[in-house]
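Participant: Next up is a structure, given as structure tokens.
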Amino acid sequence: MKTFKPLFLFSIVMMTPFFLSAQGAKSVLEETFFSSGKMPVVLSVVLIILLGLVIYIALLNKKVNKLEKDINK
Amino acid sequence: MKALMYLIKHEFRMEFRQKYAIASILLFTISTIYVVYQAMRKIDDSKVWNAMLWIILLFSAFNAISKSFSTEQRSLRMYLYTTVKPQQFVLAKLIYNMLFMVILGILALGVFSLFLGDGGLGPLKLGSYLLGVVMGSMGFACLLTLIAGIAAQTDSGIGMTAVLGLPITIPLILIIMRFTTQIMKGIPFSDNAENLLYLGVLNVGLIGLTYLLFPYLWRD
Amino acid sequence: MRHLWWKVLCGLLLAYITVFSLTVPLGPGVIGVDQAALTSGENTRLIQTYNAHLDAADLQVFLGVDDSSYLCTEILEIVEHDLVKVSFTLPENAPNKSFNVLMNNATDGTMFFPNAFRYAEGSSSSENTAWDICTVSVENQFNTAFSIPFQPIIYESIRNLMFHVPMWFTMFFLMGIGLVASIRYLAKGDVSMDLKALASVQVGLVFCVLGLITGSVWARFTWGAWWVNDPQLNGALVTFLIYVAYIILRNSIEDDQKRARIAAVFNIFAFVILFVLLMVLPRFSESLHPGKGGNPAFNKYDLDNTLRMVFYPAVIAWILLGYWIYQLRLRLHRIEKKYYYHENV
Chain D
56 MKTFKPLFLF SIVMMTPFFL SAQGAKSVLE ETFFSSGKMP VVLSVVLIIL LGLVIYIALL
116 NKKVNKLEKD INK
Chain P
217 MKALMYLIKH EFRMEFRQKY AIASILLFTI STIYVVYQAM RKIDDSKVWN AMLWIILLFS
277 AFNAISKSFS TEQRSLRMYL YTTVKPQQFV LAKLIYNMLF MVILGILALG VFSLFLGDGG
337 LGPLKLGSYL LGVVMGSMGF ACLLTLIAGI AAQTDSGIGM TAVLGLPITI PLILIIMRFT
397 TQIMKGIPFS DNAENLLYLG VLNVGLIGLT YLLFPYLWRD
Chain U
1074 MRHLWWKVLC GLLLAYITVF SLTVPLGPGV IGVDQAALTS GENTRLIQTY NAHLDAADLQ
1134 VFLGVDDSSY LCTEILEIVE HDLVKVSFTL PENAPNKSFN VLMNNATDGT MFFPNAFRYA
1194 EGSSSSENTA WDICTVSVEN QFNTAFSIPF QPIIYESIRN LMFHVPMWFT MFFLMGIGLV
1254 ASIRYLAKGD VSMDLKALAS VQVGLVFCVL GLITGSVWAR FTWGAWWVND PQLNGALVTF
1314 LIYVAYIILR NSIEDDQKRA RIAAVFNIFA FVILFVLLMV LPRFSESLHP GKGGNPAFNK
1374 YDLDNTLRMV FYPAVIAWIL LGYWIYQLRL RLHRIEKKYY YHENV
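Residue numbers (our numbering), protein chains in the order written: chain D, 56 to 128; chain P, 217 to 436; chain U, 1074 to 1418.
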């Protein structure tokens, strides 16, 4: 968990030029997402929702762990 | 009714006894305007002029109204709690805040146009613009009185007013900006009065809501 | 295992809407033309369609001159099953105007593309133009295949309707629970109501964030920007800010009773103002959102049976999921209260 955080931040930073290039007429980003009738947009939306819910469940999990630890003490 | 009148009088007496509080609010508003003047000198673009004025009015309102619950001492509050109804108390506060904000708004408009020009408003549109300032200032007072009451109850004190109040002022600001930009564009008043009506309805609604909800804040 | 049925229903509906909205094909439609500007005389253009089954035998292509008259085109070549080359002749004294394209065939029905071509080299008056009007009457045919309706620019991403839009429904459902709980708290002073308000706002905020992010992604690839000045988006952002302020407010008060009371007051006040905002905003600015401010609406298609079969279940499914998560959050709050403060709520 500890090593995951910097890795995540690092990947975000590495992706910035990718996002910035979106200013052009048809960037890499648009090429990717416009392929096959904008289906990748749907895919990313579904993935974001799934990931978001998983992250929230992980947070709840952490709270339950803490409570469990306190109760068993 | 009698108690209400008494409370309003009391409110004025309390505030004017603490002249430094009023002076600090005025100083804040005027020095903000002066800072804008130093940065921009004269604003010709009516859009920028309008936006600047309302930003200054917004923050003056926050500055003024967030003080309105902190000036009372705790003992005084206990005394008031036993003698008057919270509804009357909050109505008195609302009326005082509205009057004060209207005066502050008009004053700010005057000083602002003195320093930065009238932004192409001209004497003809000034009347309806002034109406907008009056209604907008009253709106700020209606909106922020309860928020200031809530913020005064928190442990972090009046600093909370900005956190709680800023997102909530957005609908009000939107209506006001719509009204005033249409005046600036020279759209006749009859086509614009609808926005003023929205503003009025919103103000009345806010007063009602404050009247209903405030007693719950007061149960210490 | 009480109340198991609705959780099962939630799972089944989620599975149904996911499978349905990801597998049903998108209906046919026109994507665009190779060159929009026309010249006087003969023009040869390529028209690109999507998911269409063009066939030389029954394909007709028209240019709309006005509501009832159409300019004929000659089909030169069907390059691929979705790409066709047509030619047509503009009269000498044609006025400046834009033309819609209509395509008809038996399998795909009528496909319509507004303002596909424009002519800018002619005169501004439309009198004395000898249009070569088609004698064939253009009849609207309906696509009978089972499909999700085609929308220009949106294309396949119309499927997001089943994922992005219900986020807002769920959020409002949860915030509604919070409002009712806050009102009941002020009326009765019941601590469990305060926990309900807190839990619903917390879970509602999760759905709000998901709605904002997914909306932003969708906006980027239909309107071209991550964020646009649109009443729906502004409303969503203000909602987010207000409820974050609610959480901050709760954290800034130590005393339990006082916190519950003041948070309830703020929640009611904020909800009413939010309601005003969401009523007022759409009147004030043009919306890019479909169905608002003269945009190509889903309206025509909202009533489309295929979409209806999956959109309503999607809303119910996501609301059930939100309610489920809310209940878990609430139970956790209750157990914490019981264990740390020895209060039964």
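A virtual CB, placed ideally from N, CA and C, is assigned to each residue, including glycine.
If you're wondering where the values come from, they're calculated on a predicted model, not measured in any experiment.
From the DSSP output, in three-state form, read off Gly336 of chain P for me.
Facilitator: Note: Gly336 of chain P maps to coil in three-state DSSP.
Participant: Using the Cβ count rule (16 or more neighbours within 10 Å means buried), how would you classify Phe1344 of chain U?
Facilitator: Buried is the call here.
Participant: Exposed or buried, what is Gln304 of chain P when buried is set at 16 or more other beta-carbons lying within 10 Å of its beta-carbon?
Facilitator: buried
Participant: Buried or exposed for Leu114 of chain D, going by 16 or more other Cβ atoms inside 10 Å?
Facilitator: Burial call: exposed.
Participant: Write down the C-beta distance between Thr385 of chain P and Leu310 of chain P rounded to the nearest angstrom, noting that I regard them as a contact closer than 8 angstroms.
Facilitator: Not a contact, Cβ separation roughly 16 angstroms.
Participant: Would you please state the rounded distance, in angstroms, between the beta carbons of Ser282 of chain P and Leu320 of chain P? I believe it to be under 8 angstroms.
Facilitator: Not quite, the Cβ-Cβ distance comes to about 14 angstroms (not below 8 angstroms), so this is no contact.
Participant: Find the residues of chain U that neighbour Ser99 of chain D, judging by a C-beta separation of less than 7 angstroms, and give them in chain order.
Facilitator: Neighbours of Ser99 of chain D on chain U, chain order: Val1290.
Participant: Counting Cβ pairs, one atom from each stretch, are 3 or more of them under 8 angstroms apart for the stretch 324-333 of chain P and the stretch 366-381 of chain P?
Facilitator: Short answer: they don't touch.
Participant: Specify whether the stretch 1396-1414 of chain U and the stretch 1089-1105 of chain U touch according to this definition: at least 3 beta carbon pairs, one from each stretch, less than 8 angstroms apart.
Facilitator: no
Participant: Mind checking if Phe1339 of chain U is an interface residue toward chain P, Cβ cutoff 7 angstroms exclusive?
Facilitator: yes
Participant: Based on DSSP bridge pairs, tell me the residues matched to Pro1168 of chain U.
Facilitator: U:Ser1196
Participant: Quick one: what does DSSP say Pro1187 of chain U is sitting in, helix, strand or coil?
Facilitator: strand
Participant: Compute the Euclidean distance between the alpha carbons of Asn1372 of chain U and Leu429 of chain P, then round it to the nearest angstrom.
Facilitator: The predicted model places Asn1372 of chain U with a pLDDT of 44, which falls under 50 and marks its position as unreliable, so this point remains unresolved.
Participant: What is the DSSP secondary structure of Gln78 of chain D, reduced to helix, strand or coil?
Facilitator: Here Gln78 of chain D scores only 46 on pLDDT, less than 50, and its place in the model should not be relied on; the value that follows carries that caveat. Gln78 of chain D falls in the helix class under three-state DSSP.
Participant: Using CA atoms only, rank isn't needed, just tell me which of U:Asn1324, U:Ala1292, U:Asp1328 and U:Leu1351 is closest to Asn1307 of chain U.
Facilitator: Out of U:Asn1324, U:Ala1292, U:Asp1328 and U:Leu1351, U:Leu1351 has the C-alpha closest to the C-alpha of Asn1307 of chain U.
Participant: Give the residues of chain P in contact with Glu1327 of chain U, contact being defined as C-beta atoms less than 7 angstroms apart.
Facilitator: Asp371
Participant: Given a cut-off of 7 angstroms on the beta-carbon distance, is the pair Pro383 of chain P and Leu1283 of chain U in contact?
Facilitator: no
Participant: Under a three-way DSSP split, which group does Phe1161 of chain U fall into?
Facilitator: strand
Participant: Using a Cβ-Cβ cut-off of 7 angstroms, state whether His1237 of chain U counts as contacting chain D.
Facilitator: yes
Participant: Could you work out which residues of chain P lie near Arg1381 of chain U, taking near to mean beta carbons separated by less than 8 angstroms?
Facilitator: What Arg1381 of chain U touches in chain P: nothing, since even the nearest Cβ is about 33 angstroms away.
Participant: Please report whether the beta-carbon of Lys93 of chain D lies at a distance below 7 angstroms from any beta-carbon of chain U.
Facilitator: yes
Participant: Residues in its own chain within less than 6 angstroms of Ala1337 of chain U by CB, not counting five upstream and five downstream?
Facilitator: Cβ neighbours of Ala1337 of chain U beyond the five flanking positions: Ser1255, Tyr1258 and Leu1259.
Participant: Chain D beta carbons: is any one of them nearer than 7 angstroms to that of Leu1271 of chain U?
Facilitator: no
Participant: With 7 angstroms as the threshold, decide whether the Cβ of Val1353 of chain U is near any Cβ in chain P.
Facilitator: Yes, contact with chain P.
Participant: Just verifying my parser: in three-state terms, what is the DSSP assignment at Cys1207 of chain U?
Facilitator: Note: Cys1207 of chain U maps to coil in three-state DSSP.
Participant: Identify, in the order they occur along the chain, each residue of the same chain with its Cβ nearer than 7 angstroms to the Cβ of Lys1080 of chain U, setting aside the five sequence neighbours on each side.
Facilitator: Trp1397
Participant: Does any C-beta atom of chain D lie closer than 7 angstroms to the C-beta of Arg1232 of chain U?
Facilitator: yes
Participant: So which residues on chain D does Arg1407 of chain U lean against when the C-beta distance must stay under 7 angstroms?
Facilitator: Those do not exist, as Arg1407 of chain U stays about 11 angstroms from chain D at its closest Cβ, beyond 7 angstroms.
Participant: Output, in chain order, the set of chain C residues within a Cβ distance shorter than 9 angstroms of Leu413 of chain P.
Facilitator: The structure shown has no chain C; the protein chains it does contain are D, P and U.
Participant: Can you say whether Asn1368 of chain U is buried or exposed, counting buried as having 16 or more other CB atoms within 10 angstroms of its CB?
Facilitator: Summary for Asn1368 of chain U: the model assigns pLDDT 42, below 50, so the residue's position carries little reliability; its value from the coordinates is reported in the next sentence. With fewer than 16 other Cβ atoms within 10 Å, it is exposed.
Participant: Inspect the beta-carbon positions of Gly1084 of chain U and Thr1243 of chain U and report whether they are closer than 7 angstroms.
Facilitator: Contact: no.
Participant: Just to confirm before moving on: does the CB-CB distance between Leu1111 of chain U and Tyr1192 of chain U stay below 7 angstroms?
Facilitator: Their beta carbons are under 7 angstroms apart, which means Leu1111 of chain U touches Tyr1192 of chain U by this criterion.
Participant: For Glu1147 of chain U, would you say it is in contact with chain D, using Cβ-to-Cβ distances shorter than 7 angstroms as the test?
Facilitator: no
Participant: Since Lys124 of chain D meets chain U, which of its residues come closer than 9 angstroms, beta carbon to beta carbon?
Facilitator: None at all; the shortest Cβ gap to chain U is about 11 angstroms.
Participant: Can you check whether the CB of Val83 of chain D is closer than 7 angstroms to the CB of Ser1230 of chain U?
Facilitator: no
Participant: For Leu413 of chain P, count neighbouring Cβ atoms within 10 angstroms of its own Cβ and tell me buried if that reaches 16, exposed if not.
Facilitator: exposed
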